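Residue numbers 2 to 217, in my numbering, belong to the letters of the sequence shown in order. Backbone N, C-alpha and C define an ideal beta-carbon position, used for all residues, glycine too. These numbers were taken from a predicted model, which means no experiment stands behind them.
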Amino acid sequence: MYEVPEGRTQVGTLDTAFVESLEAPIYFTIASRLWKAERVDFENHAIKAKKAKEGMAPKWSSFGGPDTPLETAQRVGEFLYGHRSLPSFLDESSLSTLRSLCQDGPTSTGWSPQSLEYVHIGNGKATVRTYAGDKLNRTLARLLESQGLKTSWNYASVTVEKGPSDPGKLRNQVCKVVTNLVEATWSDDFIEILNRNQKAWPFSPFVPMVPNDLAH
């Protein structure tokens, strides 16, 4: 855990994996307040922070445990969008909970299996719903970030948190990256972009002792 002091007062702690997943400037919420990390001390697991008046606080998102694979993520999307019947062996309480999350039957719009859906949110934000699992969505997020877009992701979708304010320009930028990924145009430049945007685990004292390709 990372301790978060303000001056001499400790205001809370943050999970190690949560801190490692972010890039400066780091914003987070503790005790219903927005904070900005001025400095992260990886060696001593401490964050020097100050109260922030503006900034985008990160969202906690988890599907639980290890990476969610493509097959599992696709099944989730199929249930939620009405492309697959809910399991009959579930009790009524479980079925009721699932029904409350699902769409009202199959729909001709929205997400469908083995496809993706682009949703423009506005103000430089958009979401690409894929239900492709953590690894593929993490790869897509890295590629989008290499184009100067700020992203967040989970097993179901990749969200552009900050990009061009012009809707057409943002869509074209996202679609170009998605096309490269879907068509698997594995050029040397493509591989280099992925390698360059990998994040090394910063907390092990052995990271400086291994080759760069093994540190990621």
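Return the Cβ separation of residue i and residue j in integer angstroms, given the expectation that the two are a contact with Cβ distance under 8 angstroms.
i           : j           : result
residue 47  : residue 7   : Their Cβ separation, rounded to whole angstroms, is 12 angstroms, which puts residue 47 and residue 7 out of contact at 8 angstroms.
residue 36  : residue 18  : Incorrect: roughly 18 angstroms between the Cβ atoms, too far for contact.
residue 137 : residue 71  : 6 angstroms
residue 130 : residue 112 : 5 angstroms
residue 103 : residue 83  : 6 angstroms
residue 165 : residue 174 : 7 angstroms
residue 161 : residue 145 : 6 angstroms
Quick check on residue i: buried or exposed, where buried means 16 or more other Cβ atoms within 10 Å of its Cβ?
i           : result
residue 87  : exposed
residue 106 : Residue placement at residue 106 is flagged as unreliable, the pLDDT there being 49, under the threshold of 50; a coordinate-derived value is accordingly withheld.
residue 132 : buried
residue 180 : exposed
residue 40  : exposed
residue 122 : exposed
residue 135 : buried
residue 143 : buried
residue 90  : exposed
residue 212 : exposed
residue 78  : buried
residue 10  : exposed
residue 74  : buried
Where does the unbroken beta strand (DSSP E) through residue i begin, and where does it stop?
i           : result
residue 44  : Run containing residue 44: none; DSSP gives neither H nor E here.
residue 30  : 27–31
residue 169 : Segment 168–183 is the alpha helix (DSSP H) holding residue 169; no beta strand (DSSP E) there.
residue 147 : Run containing residue 147: none in the beta strand (DSSP E); it sits in the alpha helix (DSSP H), 135–147.
residue 53  : Counting along the chain, residue 53 falls outside any beta strand (DSSP E), and DSSP gives it neither H nor E.
How would you write the range of the alpha helix (DSSP H) that residue i sits in, first residue to last?
i           : result
residue 115 : Here residue 115 belongs to no alpha helix (DSSP H), and DSSP marks it neither H nor E.
residue 18  : 17–21
residue 157 : Counting along the chain, residue 157 falls outside any alpha helix (DSSP H), and DSSP gives it neither H nor E.
residue 100 : 93–102
residue 73  : 71–81
Would you call the segment 95–105 in contact with the segment 148–157, where contact means no fewer than 3 C-beta pairs closer than 8 angstroms?
no
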